[in-house]
Structures are given as structure tokens and as C-alpha cells.
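Chains as they are written, first to last, in the UniProt record's numbering: chain D, 1 to 431; chain A, 1 to 431.
In this text, a Cβ means the ideal position worked out from N, Cα and C, and glycines have one as well.
Following: one structure in C-alpha cells, then a few remarks.
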């Protein structure tokens, strides 16, 4: 099918999904999980092909992301069942207003309609995204990178078999066949056919969507996350938090990339930092963190001199930019200039400094005395997520099921007309 | 100042506004209202110029929209005081989560930052938009049409005098000096400098924003609103609702443009409709409604034959498209095809039909037994509004103060790191 045919077909899934109750959607997710495991051999065969074709062309990290195993497939099925176990977001009354004229106004969560996801080479995104979209009552159009196409195709075939079993239209989950830029652009401009577009990938894809998308779009962005160690910080706590934020999983978007230290505690704190992140790790035979120091930090400890662009770099690696700042306002100004508005933290025992930081730092998640690594749907208690939004419109931070819905106002009356008894006259003067 | 300079200057207002408490913002609105009235002579002089220059070039309706009077200025000041009287949306805790690890997560309403509004020739939008933006804690960049520029400039000068009086930065409210397309495009693509763009104007402006904006944008759109009279309708109530929806103010977006009637009641209902909307009005010497009838309706009453495009036309006039449909699903399908997703109503005493209609009709407001004319921030009890959003992302329906804010997650801990005690080890394997 062409991209246009897939877009049209998905329209036919909107009403059946909007009308499906929680039990039906949960049964669909269960059937999809069962079908995924039943198709294990086909999926692994297809994946083997993908991996063979990609070998040599992509990095080992990418190959690892692409490769599926029976264990990974089991995790994917488990993930779908976890989504089934979450409360149904559709139909939730977000606000209830009773007006003096008797109108009952219910702001009600409803499905988006059709959600398109453009992603790259992780086949597991296929089942994750489909499960979240279906549970949120929306059809799902998937467009993967070409390296993963055979795998994703086999997965989608299985998911559609599951949908058929519960008599939901299989066009509720579709994979775009064309993996060229043309199909991505077609999705970005499918006005009226795509209600929400979520790009999940590198900076180039995000930028292309921002520049070209005419359909509603949410960016799940990069994270240049900061930790600021205030003069009133518990320095042991600060070292623990920085260590966790930087090293517990450096490759993810909520990992710390830059450290700011108040000048009054820099001479005391930076040696503690170096001892934990560099020396202790080297002594234990694990990768030490490479500290990229501004001039003031370099006057206190040894490290690599920071280049100006270091503070605008998402390392995703055992590297950390370090700067000494004059006070909390200087930290706030630095963050305003360099942050990607994902997650930032202050370590301080001073409530006033904490409040100034949380008020003035303009990011999706702002922490006081905790690691930035908690920015995650599961860690926030929101359940599974589609990604972390770094934009301000619609959804900010972890995008769970609620954020994959829109709302409408459902208004019940018993014949109310505007303007009451005088309406029939006043209206005639058009005022 | 150039548009670029204005955009840069507005950045300097973000923190002072984010830090301003409700009392400060309300004092600012009061000072702005006082200053507006104090500058009445200057504003009316400027407006006189605008009206002189526009005369002959624009329609009488446009001239009327453009013209200010002492009474209209008083209304504008009153409007600002009404916004001051509303609750402060900033700082509201939208959701509070306490995690097992002790993290306190507060999803908190926060200002957007900088809100840009592109509008046309209504000078009163200037003070309305500025008041809403300031109350929502955001700086406001206004770009009016050239016909209204002198008036809007005089108004903005007054508003800035008010801001200075309460020691808020006057760049919190700015008017773009350039009224050419270039400045509109500059706002649409001011990535990182405009946090929210709201176009308020005709279809051409909205389309330009959808196609060209790379900054976050909300459309306040047009309304092709439908009323569906079900076979289970109270027909007297239906006539009252259709009359109100069509004739109480035909020029506004929540007015009815198309009527759908169930075939089982068409023969009974349509003559009632014609009696009320055509004959009674003609007899009373007021403009009768021109009924544009599809073939099935035309077989029952007299009227103008409907052209196919009539059902896609926002008349904003005493005209109504009328079609007979087979059942509620046919009405839903017709609406899906022709609606602009603003407001639709069903008149019925059948709860099942009502529920099917409210579930399946994909519009910002869906009514059961009430007029579409209630889609309005004031009528919903939300206070003043910036417009009616017809998009699904972020805000749908009336955009009040809450919808002019974004949110952030403010997280308080006491040293929490992710992964608990095992984090230091598990992290080293990057899993």
C-alpha cells in the first residue's frame, strides 16, 4: 500500500477505536502480545536479515539496538501487557462545570485519532508505540528506518493478527512501506489525516519535523541536563547526585552533561568530585569520567580544558563539563543559555535558593536534591511513556497515556439557548 | 526597534514576570487600565487617523471594528480589570505525586515565556491579549494589521506606562513596528524567542501560520458548526436551539452553519423551521434566514437549492445549509466530512443516540440539547479567553488563562539517586 492509502485506511480505524471500551482495548493488547510471541520465528528470521544487511554499514551500538532475541521479544510482549494494566485514559472527566443556567460541561479526555511515529532502528519501538496508541484509543501509523524494516514489518503483521482476533480493524496499526525521506515528508504534511506526529530520533529528524511539519507534532528531544551545586549544598549528597546523574546511564537523555558549582564551595567540592568520578573509578578498573573544566574549575582540579562548545554538547558518554559560577542567578543564566529544557537539578539546603531555581529554570523537570535521572514515565509513576517532550505545548516531560489524548467539552443541556429570554430580540440587532 | 530587537528585549521580561506574584500582576493590570483611560485623547486621535486612512479601502464592517469610542475604551479597561479579578493560573499544582522513594513530584502550571499574537484590525485585541498574557506570567508581542497600527501603538504606549508604574519591565508588552508580511514571518520562525504564537484572523493568516511557523502555534479557527435534529428530538426545543444557534449572532464562529435532520422527523420539523426562521422573521420585518436545502429537504419545504460547497461554507450570515440524513451515524459521517471541529449539537431525548454523537463527533465542544453558541470562555465559566482553539494539541475550545500556561515538574528530594543502593554497580554496565 502507498503511504497515502495507509493514511486513508487509518481513518477507518478511528471510530471503532473511539468506541472501544477499556476491556476491548486491553483484550486487543493481550491478543497482540500473544501473536507477537507466536510469530517469534518469523520475526527473528526477518531481524536476522536486517542485521546481516546493516552489518558494516552501521556502528556496533546501532547493530545492538537493531538485534532482537527471544528475550527481547518476551520483554516487548511484557511491555504491551504493562500498558494493558494501566488505567484507560479515554473518557476521564478532567473538569466538571455546572453553570447557573443548568448546563453540565464535562472536559473529557478523548483519543487523538491517528498518531504517527517516525523512528529509526529500534524494533521494540514498534510494539511499544502501537500499545500506547491503541490504549489511548488512537490508530497508529509507524514509519521506521530502513535498517529495521523487515523486523518491524514482521512485528506489525503479528500485531495486526492480534487485532483481527478481537475484531478491531487491522488498519489500527500500520507500517509505512516506503522508508525514504519522501514518506516522512508525506506524514509531516498529511493535514487532516495525522492528528499527532511524534518523531523519535536524532537531531536531524527533529529539525526536519520542526521545519516541515504542518501536522501537529511533539518533539521528544535531546537532553543537555545540568546539576548546580549551591553554596548551601550538602557536598556528600551533591557528589552522590552528580555521580548518579552522570554515570548511572550516560547514553540516555536524562543523564547529566554539565555541572555548575558555586564559587564558595568549589575548592571543597571539586576535589571530592574528582576523587569519586575519576580516581575511584580508575582504581576500580572502570571508565573514569572525563572532566571538561572551565578556567575557574581548572584552577582547582586537573582535567581537560573545556572548549566553549562543550557546554552545548550532549556527550551521552563518560564526559562532564564543569564550570564555577558566582551564585544561583549565574547558574540560572548559564542554564537558560545552554539547556535543552529537559531536566536540571539544584543541590542545596537553602529553601530560598531552591525556590528561585525551580521558578526561574525553564525545563520540563526541575529537581531539588535529587538526580536528573528520574525524568521518566515509570519513575514519575505515570506508567509507560512514548518519550520525553522538551517542548512547552501540550505535553512537557514524560509523555504517558494521558498526554497521547486530547480532550473535548461534552455539554449536556435541556434546551438552553444563549442570551436567555431576551435572545430572540437582542439577536436581531446582531450584538 | 526592529522586530529582532523587540524579540530580544522581550526575553528580559521573562524572569521578572515569572517571579511576579498575583498581587504584582494584578496591580500591573490595574495600572495599565488606569493608563489606558488617562491616554484616551491620544488613543482616540490616533484611531481617528487610522479610520481616515482606512476609509474607502475597507468595508464598513471593518471600519466599525476599527473605530474606537470613549465607551469602547472604557470597556477595554473594564476587560483588563476582569482579567485581574480571575485567579492566578501560575503556580497551580495540577498533579501531586509522592513516590515510594520519597520524591515529591508536583506538576505545576508555569508561564509560557513569550506569547506572540498576530491579529488584524480590532484595536481592543491589544489590551485583551496583553492583559491575558501578563496575568499568565508571559511577555506579550503584538503584531497588528497596518490599518490599526496607530491606534494599537497609542494603546501599547499607555499599557507600557502602566507597567513602568509598578516597576515591571515595559518590554513585557511590545508592538511590532513593521506591519508587512516580513514581520509576521519573523515571528513565525523566531525559534527560541517565541514560546507560543497565536494567530487571530482570517483563513489566509491561519494557513500561513500552519505552513510556515516553526515556533509553537495555536490556531483559533473558523467554525462550520452543525446542529443535528434526531428522530427522538423534542421538535419545539429543536426549533428554539436552531434559531438561537443560527440567528443570535450569525457573524461569530460558534454560530450554526448547517442543519441535519433525521428523515423520520424531517416532514414534521422542516415546516416548523421555515415558519420560525423565515416566515415569522419576514412578518416581523427582520432579515429572514436563507435556507439552502439539499434535495431531500427541498422536497418538503421551499428554499434555495444547496450547492455542494454550501456544506463547506462558513456563512457568518443569515444563511443555513439544511440536509436530511438517514440516522445519527449518517449525521456523524456528514459532520466528520464537513466540520471544522469547533462546535456541534444533537437535539434528542434518546440517551444512546446522544452518547454515540458525543463519542463519535470529533469537535472541541459537543452539545446535547443546547445551542452551539455557548462555546465561549465566559459562558463556560473559564473567564476571559484568547480565542477558541480548533486544534487538538495543547488547548481545545476556549483558551483561557490556564491554556496560556505550560507546566513543569518540580521535584523535591533529599538526595535520591536512581537505582537505589545498587545504582553504583549496575550503572557501570550501562544498563
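Mark residue i as exposed unless 16 or more other C-beta atoms lie within 10 angstroms of its C-beta, in which case mark it buried.
i                      : result
residue 337 of chain D : exposed
residue 251 of chain A : exposed
residue 262 of chain D : buried
residue 271 of chain A : exposed
residue 256 of chain A : buried
residue 429 of chain A : Residue placement at residue 429 of chain A is poorly supported in this model, since its pLDDT is 25, which falls under 50; the coordinates still yield a value, given next. It counts as exposed.
residue 125 of chain A : buried
residue 240 of chain A : buried
residue 181 of chain D : exposed
residue 12 of chain A  : exposed
residue 54 of chain A  : buried
residue 402 of chain A : buried
residue 391 of chain A : buried
residue 2 of chain A   : exposed
residue 94 of chain A  : exposed
residue 468 of chain D : This structure cannot speak to residue 468 of chain D, because chain D is shown only from 1 to 431.
Using a Cβ-Cβ cut-off of 9 Å, state whether residue i counts as contacting chain D.
i                      : result
residue 99 of chain A  : yes
residue 110 of chain A : yes
residue 5 of chain A   : no
residue 326 of chain A : no
residue 338 of chain A : no
residue 245 of chain A : yes
residue 424 of chain A : No answer about residue 424 of chain A holds up, because its pLDDT of 32 lies below 50 and its placement is not dependable.
residue 2 of chain A   : no
residue 384 of chain A : no
residue 416 of chain A : yes
residue 354 of chain A : yes
residue 309 of chain A : no
Look at the alpha carbon of residue i and the alpha carbon of residue j, and state the distance between them as a whole number of angstroms.
i                      : j                      : result
residue 35 of chain D  : residue 60 of chain D  : 30 Å
residue 88 of chain D  : residue 281 of chain D : 45 Å
residue 284 of chain D : residue 183 of chain D : 49 Å
residue 310 of chain D : residue 193 of chain A : 23 Å
residue 75 of chain A  : residue 129 of chain A : 14 Å
residue 200 of chain A : residue 151 of chain D : 46 Å
residue 265 of chain A : residue 85 of chain D  : 45 Å
residue 142 of chain A : residue 22 of chain A  : 23 Å
residue 9 of chain A   : residue 134 of chain A : 16 Å
residue 287 of chain A : residue 319 of chain A : 10 Å
residue 431 of chain D : residue 57 of chain A  : Per-residue confidence for residue 431 of chain D stands at a pLDDT of 24, beneath the threshold of 50, marking its modelled position as unreliable; the derived number appears in the next sentence. Straight-line Cα distance between these residues: approximately 25 Å.
residue 41 of chain A  : residue 351 of chain A : 57 Å
residue 422 of chain D : residue 140 of chain D : Model confidence at residue 422 of chain D stands at a pLDDT of 35, short of 50, so the residue's coordinates are unreliable; what they give is reported in the following sentence. Answer to the nearest angstrom: the Cα atoms are 49 Å apart.
residue 365 of chain D : residue 205 of chain D : 24 Å
residue 433 of chain A : residue 215 of chain A : Chain A is shown only over 1 to 431; residue 433 of chain A falls outside these bounds and no answer can be derived.
residue 395 of chain A : residue 406 of chain D : 8 Å
residue 267 of chain A : residue 224 of chain A : 25 Å
Going by DSSP, what residue range makes up the alpha helix (DSSP H) through residue i?
i                      : result
residue 25 of chain D  : 22-38
residue 186 of chain A : 181-188
residue 360 of chain A : 351-360
residue 126 of chain A : 124-135
residue 280 of chain D : 280-283
residue 83 of chain A  : 70-85
residue 392 of chain D : Counting along the chain, residue 392 of chain D falls outside any alpha helix (DSSP H), and DSSP gives it neither H nor E.
residue 348 of chain A : Where residue 348 of chain A is concerned, there is no enclosing alpha helix (DSSP H), given that its DSSP letter is neither H nor E.
residue 375 of chain D : Premise fails: residue 375 of chain D is in no alpha helix (DSSP H) and is neither H nor E.
residue 385 of chain A : Segment: none, residue 385 of chain A is in no alpha helix (DSSP H) and carries neither H nor E.
Against chain A, does residue i count as a neighbour if the rule is that its beta carbon must be under 9 Å from one of theirs?
i                      : result
residue 204 of chain D : no
residue 367 of chain D : yes
residue 406 of chain D : yes
residue 234 of chain D : yes
Give the range of the beta strand (DSSP E) segment to which residue i is assigned.
i                      : result
residue 231 of chain D : Where residue 231 of chain D is concerned, there is no enclosing beta strand (DSSP E), given that its DSSP letter is neither H nor E.
residue 416 of chain A : 405-416
residue 114 of chain A : 114-118
residue 250 of chain A : Careful: residue 250 of chain A lies outside any beta strand (DSSP E) and carries neither H nor E.
residue 140 of chain D : 139-143
residue 271 of chain D : From DSSP, residue 271 of chain D is part of no beta strand (DSSP E) but of the alpha helix (DSSP H) over 263-274.
residue 111 of chain A : 104-111
Name, please, each residue of chain E whose Cβ falls closer than 8 Å to the Cβ of residue i.
i                      : result
residue 360 of chain A : Absence of chain E from the displayed structure is noted, the protein chains being D and A.
List, from N- to C-terminal side, the alpha helix (DSSP H) runs of 4 residues or more that fit wholly inside the stretch 192-225 of chain D. 203-212
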